[in-house]
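Engineer: Numbering (this note's numbering), first residue to last: 1 to 104.
Glycine residues also receive a C-beta, built at the ideal position from the N, C-alpha and C atoms.
Since the structure is predicted, the reported quantities are computational estimates derived from the model, not experimental observations.
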Amino acid sequence: MKILAKKYLLLSSFLESLLTVTYCLGVGLLMTYLGAHFSQPNQIVASLLLLLLFIVSALITATLVLGYPIYFFLQKDLKTAIQNLILNVVWLTIFIIFIILILL
1 MKILAKKYLL
11 LSSFLESLLT
21 VTYCLGVGLL
31 MTYLGAHFSQ
41 PNQIVASLLL
51 LLLFIVSALI
61 TATLVLGYPI
71 YFFLQKDLKT
81 AIQNLILNVV
91 WLTIFIIFII
101 LILL
């Protein structure tokens, strides 16, 4: 059962990180699209939109990265919570390195 639990933890942290990267890609594409189609935006509206997007993005990515660790912590499973958080950081780092290698 321990091996199955470790595989599930590895897979769930991979999927959480993949969803986080996908969300960041979507936000990047949205910002590129808006920048290309609205060359002279109203500064107040643009600032408001950027700040609101930042707040929503922080909530979404925090939920994706910290959702399961917080759940495990509330279930009094501190070891699994820390393992999941570390695995998320490792997967996100691997994705960052992969993206940098693509850009080189």
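Report the rounded CA-to-CA distance for L87 versus Y23, giving the unit in angstroms.
Structural biologist: On the sequence shown, residue 87 is found 87 positions in, with the first residue counted as 1. On the sequence shown, residue 23 is found 23 positions in, with the first residue counted as 1. Roughly 19 Å between the two C-alpha positions.
Engineer: Look at S105 and F73 and say whether their C-beta atoms are less than 8 Å apart.
Structural biologist: The structure shown has nothing for residue 105, since the chain only spans 1 to 104.
Engineer: Taking the alpha helix (DSSP H) that S47 belongs to, which residues open and close that run?
Structural biologist: By one-based count along the sequence shown, residue 47 stands at place 47. That run of the alpha helix (DSSP H) goes Q43 to L74.
Engineer: Let me confirm a value: A36 is counted as buried when at least 16 other C-beta atoms fall within 10 Å, else exposed. Which label applies?
Structural biologist: Taking the first residue of the sequence shown as 1, we reach residue 36 at position 36. Its Cβ having fewer than 16 others within 10 Å, A36 is exposed.
Engineer: Does DSSP put F38 in a helix, in a strand, or in coil?
Structural biologist: Within the sequence shown, numbered from 1, the residue matching residue 38 stands at position 38. It is coil, neither helix nor strand.
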